[in-house]
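Just so you know, we're using numbering that gives the first Met the number 0 here: the sequence shown kicks off at 0 and counts up by one.
Beneath this line is the structure, given in structure tokens, with notes to follow.
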Amino acid sequence: MEQPKGVDWTVVILTCQYKDSVQVFQRELEVRQKREQIPAGTLLLAVEDPEKRVGSGGATLNALLVAAEHLSARAGFTVVTSDVLHSAWILILHMLGPGSPPGVWVCSTDMLLSVPVNPGISWDSFRGARVIALPGSLAYARNHGVYLTDPQGLVLDIYYQGTEAEIQRCVRPDGRVPLVSGVVFFSVETAERLLATHVSPPLDACTYLGLDSGARPVQLSLFFDILYCMAENVTREDFLVGRPPELGQGDADVAGYLQSARAQLWRELRDQPLSMAYVSNGSYSYMTSSATEFLHSLALPGAPGAQIVHSQVEEQQLLAAGSSVVSCLLEGPVRLGPGSVLQHCHLRGPIHIGAGCMVSGLDIAHSEALRGWELHDLVLQGHRTRLHGSPGHAFTLVGRLDSWERQGAGTYLNVPWSEFFKRTGVRAWDLWDPDTPPAECCLPSARLFPVLHPSRDLGPQDLLWMLDRQEDGGEALRAWRASWRLSWEQLQPCLDRAATLASRRDLFFRQALHKARHVLEARQDLSLRPLIWAAVREGCPGPLLATLDQVAAGAEDPGVAARALACVADVLGCMAEGRGGLRSGPAANPEWMRPFSYLECGDLAAGVEALAQERDKWLSRPALLVRAARHYEGAGQILIRQAVMSAQHFVSTEPVELPGPGQWVVAECPARVDFSGGWSDTPPLAYELGGAVLGLAVRVDGRRPIGARARRIPEPELWLAVGPRQDEMTVKIVCRCLADLRDYCQPHAPGALLKAAFICAGIVHVHSELQLNEQLLRTFGGGFELHTWSELPHGSGLGTSSILAGTALAALQRAAGRVVGTEALIHAVLHLEQVLTTGGGWQDQVGGLMPGIKVGRSRAQLPLKVEVEEVTVPEGFVQKLNDHLLLVYTGKTRLARNLLQDVLRSWYARLPAVVQNAHSLVQQTEECAEAFRQGSLPLLGQCLTSYWEQKKLMAPGCEPLAVRRMMDVLAPHVHGQSLAGAGGGGFLYLLTKEPQQKEALEAVLAKTEGLGNYSIHLVEVDTQGLSLKLLGTEASTCCPFP
């Protein structure tokens, strides 16, 4: 089923009761927009309430006015017009709904809601306003609001703390009642009606315009004033009389003023229907002042493990089941009991926090104060304060079970006041003034919490001493009495929200940097992209870059270092903000050669340091940032190359009789077709994830299209020829000195692969002090002639380059008097391609050098070793496969290298979809092998279809439109199909439903327009693999070199 799309809000408004919060919350909204949690085009507004006591209804009206004002200005109007509401989705949040029409959503932020992605709300024929209700028990409803509705969902009445009879009337068929959730939707028409009241006294007093005009403030409730007048069973007389003061009626002296406001609301809104949407599978939890309820909403009682969110915890086994850690950095042994919560803390153990506790806002400097204590059922919080303009740090400590009500016997630290006084020596007069009425002597008004000491900084220890009888001669009590102390009520206006949010942001990045280090060093498949985006968009990439430098420089594993450098490239690319050009590009600027040289020599620490020094020069504008990112990816390629070169461990040769001068050694190979697992063989996936690829050696139109021949010549030179077997088109190169070989590592240089083959075969040592002719004469008595050819187009996808390298190496080694086994040759090609700097995996040479149907595998370890297993198929199945397998040349070519950089970037970023897909590639290879063992063409067709989808996910953009059109036309005639290799062009291979379909499919394609220059070819499984033979000198048809 299609998932519903989220709403792109036109405006998001957060109402603020305090003036000093507006700028703070405005910045927080903008931060979330930079993190792409809010669409870039959404207008974000933090709006101050005109007065502290305008109520939720007044705040809603004021916010709606501000939204309309901004949208009117944006649309070019000079006055406020409600027309702008017709195409707007507005969200008002007080300190959303898929599929809804334009309108205004209002949501409280003092509750936790859990609703399904698609709550099943119908908006057909909707008008008026709609409240969202969630199920609750009858017991819970006694302290909350509930809706009474008719069978059609129209709201008849709203009860708050209703009687048993009222609540019973609201019970639904499921035995639960619809709770007031704090979420309301106003249609455009209703929102226009509400907006119109802002010019009518006394409702104008709810807005900043009324305040600026000197109007007397009026307090309105969203639910029991604005919405209540729309409830079906409410009469005008009952509505005007009003509700109890705590529900928004206001003080007695303003009753008449409020009655006038209600009369105005009745006139404007009474004819608007109020309906209810009941989300039966949702849940609702109101955030009360009860510590127990608050902990219950944050922790997960009964959960099998701890909940860890945006946190780095070194010893997770010390977190009890049902506990919760949010935005924390915990170093060392920090033990957390069941049902306890840690928030916004940086602690270093040993620390033991027992069951039923909440600890928040403590920094590493406060860890010492917690050592030696085992807290139970306590709430310990650190607060950022501003007292008379000076920043400070205060702490509060209360019991989870404490009673905060003013009536009845109170408690502190979970014990009666009398017991607390006896244990600590604190007296009532320390906490309350002598003239404070007994009913007011309660926890909220008790001056318990030190905020300033005359001679030292304060810490948690200035409150923790109260938990136990002290043996310090009263020193702790004297220090407490010497401090300036505030009550909970007095402390609230002194809280510095800007400093609090800044400290939380600092802690978030601190823990994130620890997590990033751990993820990299522990080789975890977790993506660091979200952290990179957050760090760059919030203007603090510096610490992240420094951390990545440290990880890269200190890594013992080249894979860890390469991934860290790739993350640096991601940071630089993100800093460019989508400008500066494509991420993929050249990485050989001379300014970066010094750091590259350190890496090539194996001095990782010096290389990383030099990279960072050079990086600092490239940060000034997007174009430079992108180029710097490319060079960091180039640095990563050096480390990948060094890791892959470990495959040399498995390359060995045996001496044999040296062929005579002029005697040709000819190596020929089939092409290869990959049936499953491609990309998993590509470094670094091949040694970080472990690879598995199923490939077939194939002849194309009956021919083995790839080959090489080599012979010794008397001249101490290297004669190279690249091209088809027929010499007319052959490119000929003569190397007479070492300088002629210097471009062996530049893949596009003429003859680069052949030059690299001489170097990797050990025939020539390019850095030797001996000249080329001296090396050749001393070891072989002359030089060599090497020809390579391929009858396949460049970029065919059939593994041509790697197989060609294998044939060149095999022919050269034999011409030099050595023989190399096929498995050793597979590893030798890996080494050659790293020397050539083309990179690449091992599947091509496995597929072409080894005969028949086989699975190649590499383990997640270094040195990189490839093991090959032949797949046994039923008798006669190979011929059956030959009858059903076809190749279609699409007429388009694309080099795998164009796709390779994107794939490696996604892998190093550990994008979840790419990681999951990579695992699936390996797993499906085993399933594909089983399909071959069963001899099932339909199962193989399913494997091909799935494999092509996996390739597209791995490398988006590998399916040109013309190829897609061709595949769509062929789909009814095939069990499955896929582009060979990395995709993007080259050959398409098909497993047809009927045998011998070449002519039939040619007719099908001939009727299709826009396919370009395609051709269909016969293909058959090759059961020979690499062939090597010696011919006489007269067998050459090669023209002599000049």
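Beta carbons: idealized from backbone N, C-alpha and C, even for Gly.
State yes or no: is the C-beta of residue i within less than 9 Å of the C-beta of residue j?
| i | j | result |
| --- | --- | --- |
| residue 1057 | residue 422 | This structure gives no information on residue 1057, because the portion of the chain shown stretches from 0 to 1041. |
| residue 680 | residue 838 | no |
| residue 872 | residue 934 | yes |
| residue 78 | residue 41 | no |
| residue 275 | residue 187 | no |
| residue 888 | residue 675 | no |
| residue 544 | residue 611 | yes |
| residue 614 | residue 657 | no |
| residue 345 | residue 330 | yes |
| residue 640 | residue 833 | yes |
| residue 803 | residue 699 | no |
| residue 720 | residue 730 | yes |
| residue 563 | residue 533 | no |
If you follow the beta strand (DSSP E) that residue i is part of, which residue opens it and which one closes it?
| i | result |
| --- | --- |
| residue 673 | 670 to 675 |
| residue 110 | 110 to 113 |
| residue 163 | Element bounds for residue 163: not the beta strand (DSSP E) but the alpha helix (DSSP H), 163 to 168. |
| residue 381 | 377 to 386 |
| residue 483 | 483 to 485 |
| residue 295 | Not the beta strand (DSSP E): residue 295 falls in the alpha helix (DSSP H), residues 290 to 297. |
| residue 1016 | 1014 to 1020 |
Say yes only if the C-beta of residue i is nearer than 8 Å to one or more non-hydrogen atoms of the ligand NAP, and no if none qualify.
| i | result |
| --- | --- |
| residue 185 | Among the ligands in the structure shown, none appear at all, so the ligand NAP cannot be discussed. |
Could you tell me the distance, in whole angstroms, from the CA atom of residue i to the CA atom of residue j?
| i | j | result |
| --- | --- | --- |
| residue 130 | residue 360 | 36 Å |
| residue 174 | residue 160 | 18 Å |
| residue 981 | residue 665 | 29 Å |
| residue 465 | residue 566 | 49 Å |
| residue 148 | residue 271 | 15 Å |
| residue 654 | residue 816 | 6 Å |
| residue 551 | residue 333 | 29 Å |
| residue 1019 | residue 901 | 33 Å |
| residue 245 | residue 15 | With a pLDDT of 43 at residue 245, under the threshold of 50, the modelled position of that residue is not reliable, and the figure given next carries that caveat. One C-alpha to the other measures close to 20 Å. |
| residue 288 | residue 509 | 30 Å |
| residue 629 | residue 277 | 54 Å |
| residue 1021 | residue 973 | 22 Å |
| residue 645 | residue 862 | 5 Å |
| residue 1 | residue 378 | Because residue 1 sits at a pLDDT of 44, beneath the cut-off of 50, its placement in the model cannot be relied upon, and the point is left open. |
| residue 790 | residue 723 | 6 Å |
| residue 396 | residue 560 | 46 Å |
| residue 259 | residue 62 | 22 Å |
| residue 749 | residue 589 | 23 Å |
| residue 892 | residue 978 | 11 Å |
| residue 581 | residue 601 | 30 Å |
| residue 576 | residue 442 | 52 Å |
| residue 96 | residue 273 | For residue 96, the predicted model reports a pLDDT of 42, less than 50, meaning its position is unreliable; a value from the coordinates is still stated below. About 17 Å. |
| residue 1026 | residue 968 | 38 Å |
Name the one or two DSSP bridge partners that residue i has.
| i | result |
| --- | --- |
| residue 701 | The partner list for residue 701 (beta bridge, DSSP) is empty, contrary to what the question assumes. |
| residue 156 | 147 |
| residue 129 | 184, 274 |
| residue 976 | 989 |
| residue 93 | 14, 107 |
| residue 1030 | 663 |
| residue 787 | 707, 721 |
| residue 357 | 340, 378 |
Just reading off the alpha helix (DSSP H) that residue i is part of, what are its end residues?
| i | result |
| --- | --- |
| residue 181 | Per DSSP, residue 181 belongs to no alpha helix (DSSP H); it is in the beta strand (DSSP E), 176 to 186. |
| residue 986 | Per DSSP, residue 986 belongs to no alpha helix (DSSP H); it is in the beta strand (DSSP E), 986 to 991. |
| residue 499 | 496 to 520 |
| residue 879 | 876 to 883 |
| residue 966 | 960 to 969 |
With a threshold of 9 Å between beta carbons, is residue i in contact with chain D?
| i | result |
| --- | --- |
| residue 18 | Note that chain D does not occur in the displayed structure, where there is just one protein chain. |
List, from N- to C-terminal side, the beta strand (DSSP E) runs of 3 residues or more that fit wholly inside the stretch 391 to 462.
Correct list: 448 to 451.
Taking the runs of the alpha helix (DSSP H) that are 4 residues or longer, which of them lie wholly in the stretch 590 to 667?
Listed in chain order, they are 592 to 599, 603 to 614, 621 to 643.
Contiguous beta strand (DSSP E) assignments of at least 3 residues, all confined to the stretch 20 to 69:
42 to 47, all fully within the stretch 20 to 69.
Can you give, in chain order, each stretch of the alpha helix (DSSP H) that sits fully within the stretch 895 to 940 and has at least 4 residues?
Fully contained in the stretch 895 to 940 are the following alpha helix (DSSP H) runs of length 4 or more, in chain order: 895 to 907, 911 to 933.
Please go through the stretch 705 to 760 and give each complete alpha helix (DSSP H) segment of 4 or more residues, from N-terminal end onward.
As far as the stretch 705 to 760 is concerned, its whole alpha helix (DSSP H) runs of at least 4 residues are 751 to 759.
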